[in-house]
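>
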Amino acid sequence: MIFPFEIPLLLLLLVTAAGAILVKDLMSSVLLLGTYSFFLSLIWAWFGAVDVAFVEAVVGAGLGTVLFLLTLFGTAPKDTRLRRPPPSLVTLIVFPLLGVLMLYAASDLPGFGDPNSPASTHISPTYIERSYQDTHTPNVVTSVLMDYRSLDTMVETVVIFTAGIACALLLRRESK
Amino acid sequence: MVDAIGSIFQRPNFLTFVIIFLWGFYIMVTRYNLVKKLIGMYLVQTSVIFFLVSISAKRGATVPVLLSTTETVQAVNYVNPLPHVMTLTAIVVGVATTGVGLALCAAIYRKYGSLDEQEILEKLE
Numbered sequence: 383m384i385f386p387f388e389i390p391l392l393l394l395l396l397v398t399a400a401g402a403i404l405v406k407d408l409m410s411s412v413l414l415l416g417t418y419s420f421f422l423s424l425i426w427a428w429f430g431a432v433d434v435a436f437v438e439a440v441v442g443a444g445l446g447t448v449l450f451l452l453t454l455f456g457t458a459p460k461d462t463r464l465r466r467p468p469p470s471l472v473t474l475i476v477f478p479l480l481g482v483l484m485l486y487a488a489s490d491l492p493g494f495g496d497p498n499s500p501a502s503t504h505i506s507p508t509y510i511e512r513s514y515q516d517t518h519t520p521n522v523v524t525s526v527l528m529d530y531r532s533l534d535t536m537v538e539t540v541v542i543f544t545a546g547i548a549c550a551l552l553l554r555r556e557s558k
Numbered sequence: 012m013v014d015a016i017g018s019i020f021q022r023p024n025f026l027t028f029v030i031i032f033l034w035g036f037y038i039m040v041t042r043y044n045l046v047k048k049l050i051g052m053y054l055v056q057t058s059v060i061f062f063l064v065s066i067s068a069k070r071g072a073t074v075p076v077l078l079s080t081t082e083t084v085q086a087v088n089y090v091n092p093l094p095h096v097m098t099l100t101a102i103v104v105g106v107a108t109t110g111v112g113l114a115l116c117a118a119i120y121r122k123y124g125s126l127d128e129q130e131i132l133e134k135l136e
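Now the structure itself:
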């Protein structure tokens, strides 16, 4: 039997996510969130999604952690409320119910790594087989991102531009 | 009942997604610190993206970069590239929106001197 390599990676992912949630000190919490992003990019590289893994390592683990740290340097780095009131009854009922419902739906999903799953059989073989004739790019992800869906990618830069403008307007100093 | 539990453990990606998604959502609802809420939001975003990418995996397939450009391509040998493309966009947009949220936190701290939700509400009144 081949040892399923994704199980220890998923356990590491869960442990780092739990650390980011449970640690009281916000600085340690943010750094644990950075390691969570790195394990996520490792898992994606293991799944065969190398482009997504690159982007997560650079943008998620790098830029995201830097943004969190910059905010914490400018504000209070401690979670001041050490004793919290207990959560209300509604949250204690709704969240386990939601979890049970989602896990109940698991048997209808295609199995992990199933080559005959609906996502892998309908349109995606066409993209893989024809992308080189259409775009002359060996990397299928690049050809879909930059050629078939180039308008989508262009408008995405507008979204990031808007986010940058919003940050600049929020953070500017009051000038007299 | 046993079948249902067995089908969950055959899909460890979905189990991980459910745990991280619900825990991050719970943090967003119950914690009072605004940065902690944003950490929960980041966990929710990345867990959804993680689930979408894990759908694209195929057993015995390799990364979606063509090995040979002259022979005819067999789609079974390459993982599904379409979720990768969609999630590339989603990761970048997610970090951008998290950045806007953090800028809002910094602006709130500059005005009210606290990141605690209850203290800010008391000062607003």
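Quick mapping for you: the protein sequence lines, in order, are chains S and Y. Residue numbers for the first sequence follow this note's numbering, so the first one is 383 and each next one is one higher. Residue numbers for the second sequence follow this note's numbering, so the first one is 12 and each next one is one higher. Heads up, the beta-carbon is just placed ideally off N, CA and C, and yes, glycines get one too.
#1: Let me know if S/P390 comes out buried or exposed under the rule of 16 or more other beta-carbons within 10 Å of its beta-carbon.
#2: If you drop the 5 nearest sequence neighbours on each side, which residues of the same chain put their C-beta closer than 6 Å to that of S/F420?
#3: In angstroms, rounded to a whole number, what distance separates the CA positions of S/K406 and Y/V96?
#4: Buried or exposed for Y/G105, going by 16 or more other Cβ atoms inside 10 Å?
#5: Consult DSSP for Y/N91 and reduce its assignment to one of helix, strand or coil.
#6: S/I425 lies in the alpha helix (DSSP H); which residues open and close that run?
#7: For a cutoff of 8 Å on Cβ pairs, would you count S/T447 as touching chain Y?
#8: Among the candidates Y/T109, Y/Q129, Y/E136 and Y/I102, whose CA atom is the shortest distance from the CA of Y/R42?
#9: Between S/T453 and Y/A117, is the Cβ-Cβ spacing less than 8 Å?
#10: Against S/M409, what residues of chain Y qualify as contacts under a CB-to-CB distance less than 7 Å, listed in chain order?
#11: Compute the distance between the beta-carbons of Y/F20 and Y/S58, then report whether it is under 8 Å.
#12: Roughly how many angstroms separate the alpha carbons of Y/G17 and Y/L78, rounded to a whole number?
#13: Of all the beta strand (DSSP E) runs that stay within the bounds of the region 40-95 of chain Y, which reach a length of 3 or more residues?
#14: Where do the N-terminal and C-terminal ends of the alpha helix (DSSP H) with S/S470 fall, by residue?
#15: Under a three-way DSSP split, which group does S/N521 fall into?
#16: When the Cα atoms are used, what is the spatial distance from S/P520 to S/T535?
#17: Between the C-alpha atoms of S/Q515 and S/P507, what's the straight-line distance to the nearest angstrom?
#18: How would you list, in chain order, the residues of chain S whose beta-carbon sits under 8 Å from the beta-carbon of Y/I38?
#19: What residues in the region 42-61 of chain Y bring their beta carbon closer than 7 Å to a beta carbon of chain S?
#20: Which residue's Cα is closest to the Cα of S/G571: S/E388, S/T417, S/P386 and S/A431?
#21: Exposed or buried, which one is Y/Y37 when buried takes at least 16 other CB atoms within 10 Å?
#22: Any C-beta of chain S sitting closer than 8 Å to the C-beta of Y/L135?
Taking the definition as stated:
#1: exposed
#2: A443
#3: So the alpha carbons of these two residues sit roughly 36 Å apart.
#4: Counting Cβ neighbours within 10 Å, Y/G105 comes out buried, since at least 16 surround it.
#5: coil
#6: L408 to F429
#7: no
#8: Y/Q129
#9: Against a cut-off of 8 Å, the Cβ pair of Y/A117 and S/T453 comes out as a contact.
#10: Within 7 Å Cβ-Cβ: nothing; S/M409 doesn't reach chain Y, min ~10 Å.
#11: no
#12: 37 Å
#13: none
#14: Run containing S/S470: none; DSSP gives neither H nor E here.
#15: S/N521 carries a strand assignment under DSSP once its states are collapsed to helix, strand and coil.
#16: Taking the straight line from one Cα to the other gives about 19 Å.
#17: 14 Å
#18: I403
#19: Y43, N44, V46, K47, I50, Y53, L54, T57 and F61
#20: The structure shown does not extend to residue 571 of chain S, since chain S is modelled only from 383 through 558, so no value can be given for it.
#21: buried
#22: Taking a beta-carbon distance threshold of 8 Å, Y/L135 does not count as an interface residue toward chain S.
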